[in-house]
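Report on one structure; see the data block that follows.
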Amino acid sequence: MENYGDDLFKGASGKLFEFSKALRKASTEAEDILWQSLRRKQLNGFKFRRQHPLDKYIADFYCYEAKLVVEVDGEIHDKLDIKEYDKSRSYELEELGITVIRFTNEEVSRNLDMVLNVIRGYLRK
Numbered sequence: 001m002e003n004y005g006d007d008l009f010k011g012a013s014g015k016l017f018e019f020s021k022a023l024r025k026a027s028t029e030a031e032d033i034l035w036q037s038l039r040r041k042q043l044n045g046f047k048f049r050r051q052h053p054l055d056k057y058i059a060d061f062y063c064y065e066a067k068l069v070v071e072v073d074g075e076i077h078d079k080l081d082i083k084e085y086d087k088s089r090s091y092e093l094e095e096l097g098i099t100v101i102r103f104t105n106e107e108v109s110r111n112l113d114m115v116l117n118v119i120r121g122y123l124r125k
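Under UniProt numbering, read the sequence shown as residues 1 to 125, first letter to last.
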C-alpha cells in the first residue's frame with residue numbers, strides 16, 4: 001500500500017472514516033455514474049478516492065496526486081444556507097492546498113463528457 005502519511009486525510013477523525021464508509025454504500029445515482037469513469041485510474045491515470053475524509057469534511061471524490069476534490073451536488077445545494085456552507089468548506093480545503101470543483105447531479109447525468117473534460121483540465125494543471 002502507498003504511504004501518504006496523515007497528509008492524505010489532513011487529520012480527519014475516526015468518526016469521519018465510519019461516516020464515509022456509510023456514504024459509499026448510499027451514494028447517489030450521479031455519484032455512481034461519475035465513479036464509473038474515475039475509478040481504477042481511468043481518467044488520465046490519476047487515482048481518485050470516493051467519500052474520502054479530509055480534515056473535518058468528506059469529499060465526494062478526491063485525487064491526492066492532483067490535490068483535487070470533485071463534488072457532485074443535488075438540489076439541496078441550491079439553498080442559501082447550504083451554499084454558504086459549501087463556500088466556507090471549499091475555502092477551508094483550498095487553504096490546505098486543495099482545489100475544489102463542483103458539478104450538479106444533472107450535469108453528471110446529462111453531460112458526463114463535459115464533466116470529465118473539466119476534470120481533465122484540472123488534472124493537467
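Heads up, the beta-carbon is just placed ideally off N, CA and C, and yes, glycines get one too.
When DSSP assignments are scanned along the stretch 8-66, the uninterrupted stretches of beta strand (DSSP E) that are 3 or more residues long and fall wholly within it turn out to be 49-54 and 57-63. Beta bridge pairing from DSSP links residue 92 with no other residue. Cβ neighbours of residue 52 within its own chain (closer than 6 Å, five residues either side excluded): 59 and 62. Between residue 119 and residue 71, the C-beta spacing is not below 9 Å. Counted as a single uninterrupted DSSP element, the beta strand (DSSP E) harbouring residue 101 occupies residues 99-104. A contact is defined here as three or more CB-CB pairs under 8 Å, and the stretch 27-45 meets this definition with respect to the stretch 95-113. Counting along the chain, residue 73 sits inside the beta strand (DSSP E) bounded by residues 68-73. Taking residue 16 as reference, the option from 92, 56, 124 and 42 with the minimal CA-CA separation is 56. At the C-beta level, residue 34 and residue 122 stay beyond 9 Å of one another. Going by beta carbons, residue 39 and residue 50 fall inside the 9 Å limit.
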